[in-house]
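Down below is the structure, laid out as structure tokens.
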Amino acid sequence: MNETTPGAGTGRELPALRRRLAAFAAARDWQPYHTPKNLAAALSVEAAELLEIFQWLTPEESARVMTDPERAHRVEDEVADVLAYLLQFCEVLDIDPAVALAAKIDRNERRFPVPEGPGRRARSRGSAGPFRDESKDRNLDRNSP
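When we follow full-length UniProt numbering, the leftmost residue of the sequence shown carries the number 1, and every step to the right adds one.
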């Protein structure tokens with residue numbers, strides 16, 4: 001947690017960060033460029049930059065990435081960039097990200113109930129797991145997990 005950021009880690013900071021990002025962009029007259037399409041593209045690019053850090057690491061190396069100060073700093077910067085663009089995207093489209101996430105978790109809990117019986121694993125559709133967009137599932141073979 002950054003000690004210079006009041007309220008960091010309290011769960012109440014997202015609205016304040018959204019306002020701060022909006023003010024930052026407004027002060028620089030960047031709003032004309034902050035369209036949903038541009039922000040979605042920027043979000044994708046930043047997520048790819050985060051992925052790049054892990055690209056050639058083994059699973060074991062990736063689990064230890066935060067023990068290397070240089071890599072840890074890069075990971076934190078890219079996470080911040082991803083979150084910044086996601087929050088700006090939500091601001092432009094008037095989406096409350098916490099409400100959207102809670103609704104998605106609710107849908108996934110109904111869609112993927114806890115399996116009954118000991119030792120049974122839940123099956124998910126595709127490698128994205130339960131957060132996959134269910135509208136895309138209509139294109140999958142009905143017999144696939």
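Where a beta carbon is used, it is the ideal one built from N, C-alpha and C, also for glycine.
Item: Sequence-distant residues of its chain with Cβ nearer than 6 Å to Ala42 (five each side left out); Value: Tyr85
Item: Alpha carbon of Glu52 to alpha carbon of Asp77, nearest angstrom; Value: 13 Å
Item: CA-to-CA distance, Glu70 to Leu101, given in whole angstroms; Value: 31 Å
Item: Contact the stretch 96–114 vs the stretch 19–28: 3+ CB pairs below 8 Å; Value: no
Item: Neighbourhood of Gln31 by C-beta, 8 Å cutoff - its chain only, sequence neighbours within 5 removed; Value: Ala25
Item: Which of helix, strand or coil DSSP assigns to Asp68; Value: coil
Item: Contact under 8 Å by Cβ, Pro15 with Leu93; Value: no
Item: Residue nearest to His34 in terms of C-alpha spacing, selected from Pro115, Cys90, Gly117; Value: Cys90
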